[in-house]
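Using the working numbering, the first residue of the sequence shown is number 2, and each one after it goes up by one.
Notes follow the structure.
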Amino acid sequence: MRIAIYGKGGIGKSTISANLSAAFARGGKKVLQIGCDPKQDSTRLLLGGTSVPSVLEYIQKVPSDERRLDDVLHRGYRGIMCAEAGGPRPGVGCAGRGILTTFEVLDELGLTELKFDITTYDVLGDVVCGGFAVPLRREHADAVFIVTSGEYMAIYAANNILKGIRNYDGASSRVGGIILNCRGVENEDDLVGSFAQAVGLPIVARIPRSPVFSKAEMQGHTVVDLFPNSEEAMIFVRLAEYVDHISKGVESLYPADPLDRETMDRLILRGDGPAKSAIMGSEKTLHRPPSRERASLPIAGRPGTGRLVQGCACAGAAISTAQVEDAITIMHGPVSCASMVTHYLSSSHRRLVKRVDDMDRADLRIVHTGMDERSMIFGGTSELEATIGKVIARDVNTVFVVTTCPSGIIGDDVQMVAERVERRYPRTNVVVIPADGNMSGGFSKGILEACAAASEFIDPSVEPEPDRVNIIGEKNLATNRDLNFNNVTDLLASIGLEVNCRFLSRTSMNKINMFGRAGICLPAGLDQTALGIANMLSPVGELFKLPFPSGFRETSCWLTALAEMTGRERKAAKIIKDRRETYEQNKRELGRHLQGKKALIVSMTPQLDWAIDTMLDLDMEVMKVGLLSSREEAGPMSQYADNIDFQCNYDHTCLENDLVDLGPDLVLSHRLPLYAHESFRFDTLPFTPDVGFDAGISLARRWANLMRLPAVEGWRMRGEKV
Numbered sequence: 002m003r004i005a006i007y008g009k010g011g012i013g014k015s016t017i018s019a020n021l022s023a024a025f026a027r028g029g030k031k032v033l034q035i036g037c038d039p040k041q042d043s044t045r046l047l048l049g050g051t052s053v054p055s056v057l058e059y060i061q062k063v064p065s066d067e068r069r070l071d072d073v074l075h076r077g078y079r080g081i082m083c084a085e086a087g088g089p090r091p092g093v094g095c096a097g098r099g100i101l102t103t104f105e106v107l108d109e110l111g112l113t114e115l116k117f118d119i120t121t122y123d124v125l126g127d128v129v130c131g132g133f134a135v136p137l138r139r140e141h142a143d144a145v146f147i148v149t150s151g152e153y154m155a156i157y158a159a160n161n162i163l164k165g166i167r168n169y170d171g172a173s174s175r176v177g178g179i180i181l182n183c184r185g186v187e188n189e190d191d192l193v194g195s196f197a198q199a200v201g202l203p204i205v206a207r208i209p210r211s212p213v214f215s216k217a218e219m220q221g222h223t224v225v226d227l228f229p230n231s232e233e234a235m236i237f238v239r240l241a242e243y244v245d246h247i248s249k250g251v252e253s254l255y256p257a258d259p260l261d262r263e264t265m266d267r268l269i270l271r272g273d274g275p276a277k278s279a280i281m282g283s284e285k286t287l288h289r290p291p292s293r294e295r296a297s298l299p300i301a302g303r304p305g306t307g308r309l310v311q312g313c314a315c316a317g318a319a320i321s322t323a324q325v326e327d328a329i330t331i332m333h334g335p336v337s338c339a340s341m342v343t344h345y346l347s348s349s350h351r352r353l354v355k356r357v358d359d360m361d362r363a364d365l366r367i368v369h370t371g372m373d374e375r376s377m378i379f380g381g382t383s384e385l386e387a388t389i390g391k392v393i394a395r396d397v398n399t400v401f402v403v404t405t406c407p408s409g410i411i412g413d414d415v416q417m418v419a420e421r422v423e424r425r426y427p428r429t430n431v432v433v434i435p436a437d438g439n440m441s442g443g444f445s446k447g448i449l450e451a452c453a454a455a456s457e458f459i460d461p462s463v464e465p466e467p468d469r470v471n472i473i474g475e476k477n478l479a480t481n482r483d484l485n486f487n488n489v490t491d492l493l494a495s496i497g498l499e500v501n502c503r504f505l506s507r508t509s510m511n512k513i514n515m516f517g518r519a520g521i522c523l524p525a526g527l528d529q530t531a532l533g534i535a536n537m538l539s540p541v542g543e544l545f546k547l548p549f550p551s552g553f554r555e556t557s558c559w560l561t562a563l564a565e566m567t568g569r570e571r572k573a574a575k576i577i578k579d580r581r582e583t584y585e586q587n588k589r590e591l592g593r594h595l596q597g598k599k600a601l602i603v604s605m606t607p608q609l610d611w612a613i614d615t616m617l618d619l620d621m622e623v624m625k626v627g628l629l630s631s632r633e634e635a636g637p638m639s640q641y642a643d644n645i646d647f648q649c650n651y652d653h654t655c656l657e658n659d660l661v662d663l664g665p666d667l668v669l670s671h672r673l674p675l676y677a678h679e680s681f682r683f684d685t686l687p688f689t690p691d692v693g694f695d696a697g698i699s700l701a702r703r704w705a706n707l708m709r710l711p712a713v714e715g716w717r718m719r720g721e722k723v
């Protein structure tokens, strides 16, 4: 029989657990008691008043291949085997995770192979997290007993524990009953009796306030050991017999049926309770209360209340701060988090450049604290402080610290560490970005958090210069990011402008500091992330209303608008005139192959005007645009939405039907289909299109080549299959 003793912190669980285990041993049972509390005092009275090293202390000091079960199991009164879970220092780490680890380690060391008649789990306080609820799991506990007194918070905790049990068990029965540990509260028996009857549980033991307990504890023993014939000791003997009857099926277990908050207040605070006593052996008979209707509380959350999170805020923040070339980003988390982020950066850049020497090695500006299970239990602030120290030793003056899910979950005080380091190194800035993995939001939220942190270094006193602009909102994982930047730089240079700062892409702390040298912010896009960055920078820079342009029409409009804003209209007009001649020549050349061809577009976004411009200029027919998103998620619609069919919530079935019904010559999509479609030509649309006059023409050349090739490759005609 395995029993778990739960109750409010300080309610007397350890005293009750130790005396109950002693009563079992006195009756000839082979007993194991595990203390699940960082105070590690559960088994002290069974060990003659001595404290023993905890399991968590043990695994901190002893390598896994050298650990032995005998080192953490200690023999006490009448052969009772005792173990203490232990926990982190107060205020750091995660004691709940420590309980999980303790059970895992004990299993690995072979505890489950030992046979005990009774196992007693003495569990810390309330069921406040999954770690403290481990003994509630069916593989660990057959019955749960709840210790309470007549104090409101003790009864409140008891009710909360019932909620935790119900989350595990539903309507099944696993509660043994309530143990009343008297504190001398007025009408204590009546209060606890009312609660017990309201939740349908018996009070299986009433333990009085007695000096016998303090006398025994002062000598480091249980009452059952030191005063075996006392009435107090006999209470535990009878309770042990009751538990034994449960194991034999003579007595019953009960389902957890907690009260809602309103009923609790009415019952305890106002005293509007049912029968006044439910103590086992009292004159009153225990009756189940009438069923109470409650609102259903979904455990996993209600569907549809939030949008799908794309990526995690931690990755978005770290990828952004890693763009600052004279700073280092520390990811306070496991090595795997940093590995994924550096993989995103390095693989993106490798697809762009041919020589490693040409790469911006942003991935080398990311380090991690290597959080592991030990850090989760005992806290990771010491590892963080040591990592910051190593970074500063590399003569780095700015350190960004991005928190991950683990450090956020256990509540590491990262800001405190940052302030302590800054006091020690006055020339160093340690900037904390509390991304907390995906707990604070998705990838875009992390980008915004990083930009907000970096914006604190902008000098507001710097005056703007007329020939400078800033760039914001570049997509740092896009393989054409730097190609687009070079194209924009050429466009700007053609009308006498230059880039002051890329925020945040391949920049430096000095450029961020001097952000105010440019009074105009050019957004790479007009997505929500870019607009969020623009909003936070509005005090130091005016937002240009057009995103980076793709294709001839967009680039002409973009250059004209920027020239008008800066007084450079004549230069822009001349450039557009020269490029138009080249564009018209390309149209004539490609039109021979594409004129009259029918196109179907499948897209994540309706912002496709640059591609549609090119198709219409080449006299192609755009039959339909299928949007993979809903209308609410799609954002601003195309200027062609009134003339071309834009279908939202487009899926694979829609595509299959349209291939048959519309018979397009060319299908353009952000993703190619998994399987080849006979007689149809597919090509990809870039998520981030190239910038400049020739962006549409470059894609049209690919389309023209596809049209000159057969729709089905020759090898397929010979009967071969993919």
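Where a beta carbon is used, it is the ideal one built from N, C-alpha and C, also for glycine.
Checklist entry - Which residue spans inside the stretch 44-89 form an unbroken beta strand (DSSP E) run of at least 3? => result 82-85
Checklist entry - Going by other Cβ atoms of all chains shown within 10 Å of its Cβ, with 16 needed for buried, is Arg27 buried or exposed? => result For the purposes of this step, residue 27 is taken as the residue at position 26 of the sequence shown. A buried status is given to Arg27, since no fewer than 16 other beta-carbon atoms sit within 10 Å of its beta-carbon.
Next on the checklist: Using only CA atoms, which one of Glu187, Ser173, Val205 and Leu240 lies nearest to Ala23?
Outcome noted: Position 22 of the sequence shown, counted from the first residue, corresponds to residue 23. Ranking the options by Cα distance to Ala23, first place goes to Leu240.
Checklist entry - DSSP state of Val32, grouped into three classes? => result Within the sequence shown, residue 32 is the residue found at index 31, counting from 1. Val32 falls in the strand class under three-state DSSP.
Item to check | Straight-line Cα distance separating Asp170 from Arg303 | outcome: Counted from its first residue, the sequence shown places residue 303 at position 302. Counted from its first residue, the sequence shown places residue 170 at position 169. In this prediction, Arg303 scores a pLDDT of 31, lower than 50, which makes its location untrustworthy; the coordinate-derived value is nonetheless stated afterwards. The straight-line gap from Cα to Cα measures roughly 21 Å.
Next on the checklist: I want to know whether the stretch 570-586 touches the stretch 639-658 - three or more CB-CB distances under 8 Å.
Outcome noted: Cβ pair count under 8 Å is below three, so no.
Checklist entry - Does the distance from the CB of Pro461 to the CB of Gly542 come in under 9 Å? => result On the sequence shown, position 460 is the one that residue 461 refers to. On the sequence shown, position 541 is the one that residue 542 refers to. No; because the gap between Cβ atoms is not below 9 Å, this pair is not in contact.
Next on the checklist: Please identify the residue among Leu609, Glu457, Lys476 and Glu565 whose C-alpha is closest to the C-alpha of Pro540.
Outcome noted: To locate residue 540, count along the sequence shown from 1; it is residue 539. Selected option, being the one with the closest Cα: Glu457.
Next on the checklist: Closest to Arg3 by C-alpha separation, out of Phe117, Asp261 and Val205, would be which residue?
Outcome noted: Counted from its first residue, the sequence shown places residue 3 at position 2. Nearest of Phe117, Asp261 and Val205 to Arg3, Cα basis: Phe117.
Checklist entry - Which of helix, strand or coil does DSSP assign to Gln648? => result Taking the sequence shown and counting its residues from 1, the one referred to as residue 648 is at position 647. Strand.
Next on the checklist: Rounded to the nearest angstrom, what separates Gly474 and Asn536 at their Cα positions?
Outcome noted: Along the sequence shown, read from residue 1 onward, the residue named residue 474 stands at position 473. Along the sequence shown, read from residue 1 onward, the residue named residue 536 stands at position 535. Approximately 12 Å, taken between the alpha carbons.
Checklist entry - What whole-angstrom Cβ distance do Ala712 and Leu619 have, given they're in contact under 8 Å? => result As a working mapping, residue 712 is identified with position 711 in the sequence shown. As a working mapping, residue 619 is identified with position 618 in the sequence shown. With 8 Å as the limit, Ala712 and Leu619 do not qualify as a contact, their Cβ atoms being about 19 Å apart.
Item to check | 4-residue-minimum alpha helix (DSSP H) runs that sit fully inside the stretch 131-218, ordered along the chain | outcome: 153-170 and 189-200
Checklist entry - Would the beta-carbon of Ile180 fall within 9 Å of that of Thr223? => result Taking the first residue of the sequence shown as position 1, residue 180 is located at position 179. Taking the first residue of the sequence shown as position 1, residue 223 is located at position 222. Cβ atoms of Ile180 and Thr223: not closer than 9 Å.
Item to check | Ile367 - partner residues in DSSP beta bridges | outcome: What you label residue 367 is simply residue 366 of the sequence shown in a count that begins at 1. Beta-bridge pairing links Ile367 to Thr330.
Checklist entry - Using the C-alpha atoms, what's the distance from Pro607 back to Glu633? => result Taking the sequence shown and counting its residues from 1, one reaches residue 633 at position 632. Taking the sequence shown and counting its residues from 1, one reaches residue 607 at position 606. For the pair Glu633 and Pro607, the Cα-to-Cα distance works out to about 12 Å.
Item to check | Integer-rounded CB distance, given that Leu544 should sit under 8 Å from Cys522 | outcome: Numbered from its first residue, the sequence shown carries residue 522 at position 521. Numbered from its first residue, the sequence shown carries residue 544 at position 543. Taking C-beta atoms under 8 Å as the contact rule, Cys522 and Leu544 qualify, at a distance of about 5 Å.
Checklist entry - Who does Arg503 pair with in a DSSP beta bridge? => result Taking the first residue of the sequence shown as position 1, residue 503 is located at position 502. Partner(s): Ile472.
Checklist entry - So Gly1 is in the alpha helix (DSSP H); what residue range does that whole segment cover? => result Limits of the chain in this structure are 2 at one end and 723 at the other, which puts residue 1 out of reach.
Item to check | Reference Met219; option with closest CA among Ile269, Ala328 and Leu46 | outcome: As a first step, residue 219 must be located in the sequence shown, where it is residue number 218. If we check each option's Cα against that of Met219, Leu46 comes out closest.
Checklist entry - Val692 and Thr508 look like a contact to me (Cβ under 8 Å); what is the Cβ gap, rounded to whole Å? => result Reading the sequence shown from its first residue, position 691 is the one you call residue 692. Reading the sequence shown from its first residue, position 507 is the one you call residue 508. At roughly 19 Å, the Cβ-Cβ gap does not stay under 8 Å, so Val692 and Thr508 are not in contact.
Checklist entry - With burial defined as no fewer than 16 other Cβ atoms inside 10 Å of the residue's Cβ, what is the status of Pro136: buried or exposed? => result Walking along the sequence shown from the start, residue 136 turns up at place 135. Pro136 comes out buried.
Checklist entry - Hey, quick one: how far does the beta strand (DSSP E) through Tyr243 stretch, first residue to last? => result As a position in the sequence shown, residue 243 is number 242, starting the count at 1. Note, Tyr243: premise wrong, no beta strand (DSSP E); alpha helix (DSSP H) at Glu232 to Ser248.
Checklist entry - So what does DSSP say about Pro465, is it helix, strand or coil? => result What you label residue 465 is simply residue 464 of the sequence shown in a count that begins at 1. Coil.
Checklist entry - Do you know whose CA, among Ala197, Ile166, Arg207 and Val176, lies nearest Gly185's CA? => result In the sequence shown, residue 185 corresponds to position 184, counting from 1. Checking every option, the nearest Cα to that of Gly185 belongs to Arg207.
Checklist entry - Glu423: which of Glu386, Arg395, Met440 and Gly412 sits nearest, CA to CA? => result Your numbering for residue 423 matches position 422 in the sequence shown. Nearest C-alpha to Glu423: Glu386.
Checklist entry - Where do the ends of the beta strand (DSSP E) carrying Asn481 lie? => result The residue you call residue 481 lines up with position 480 of the sequence shown. From DSSP, Asn481 is part of no beta strand (DSSP E); its letter is neither H nor E.
Checklist entry - Count the other CB atoms within 10 Å of the CB of Arg356; is the residue buried (16 or more) or exposed (fewer)? => result Within the sequence shown, residue 356 is the residue found at index 355, counting from 1. Residue confidence for Arg356 is low, a pLDDT of 37 falling below 50, so the modelled location carries little weight; the figure read from the coordinates is stated next. Within a 10 Å sphere around the beta-carbon of Arg356 sit fewer than 16 other beta-carbons, which makes this residue exposed.
Item to check | Three-pair Cβ contact test at 8 Å for the stretch 313-325 versus the stretch 338-351 | outcome: yes
Checklist entry - Going by beta carbon distance, what residues of the same chain come within less than 8 Å of Leu707, once the five residues before and after it are set aside? => result Taking the sequence shown and counting its residues from 1, one reaches residue 707 at position 706. Excluding sequence neighbours, Leu707 sits near Leu667, Arg682 and Asp684.
Checklist entry - Looking only at DSSP bridge pairs, what is Cys406 linked to? => result Indexing the sequence shown from 1 puts residue 406 at position 405. Beta-bridge pairing links Cys406 to no other residue.
Next on the checklist: Once DSSP output is grouped into helix, strand and coil, what is the label at Leu669?
Outcome noted: Along the sequence shown, one-based indexing puts residue 669 at 668. Collapsing the DSSP output to three states places Leu669 in a strand.
Checklist entry - Is the Cβ-Cβ distance between Ala1 and Gln34 less than 9 Å? => result Missing from the structure shown is residue 1; the chain here goes from 2 to 723 and no further.
Checklist entry - Within this structure, are the beta carbons of Cys315 and Asp414 separated by less than 9 Å? => result Stepping through the sequence shown from its first residue, residue 315 is reached at position 314. Stepping through the sequence shown from its first residue, residue 414 is reached at position 413. In this structure, Asp414 does not lie closer than 9 Å to Cys315 by Cβ.
Checklist entry - Which class does Gly9 belong to by DSSP, given the choice of helix, strand or coil? => result Position 8 of the sequence shown, counted from the first residue, corresponds to residue 9. Residue 9 is actually Lys in this sequence, not Gly. Residue state, collapsed to three classes: coil.
Checklist entry - Are the stretch 184-199 and the stretch 147-162 touching by the rule of at least three beta carbon pairs closer than 8 Å? => result Here the stretch 184-199 lies against the stretch 147-162, with 3 or more beta-carbon pairs under 8 Å apart.
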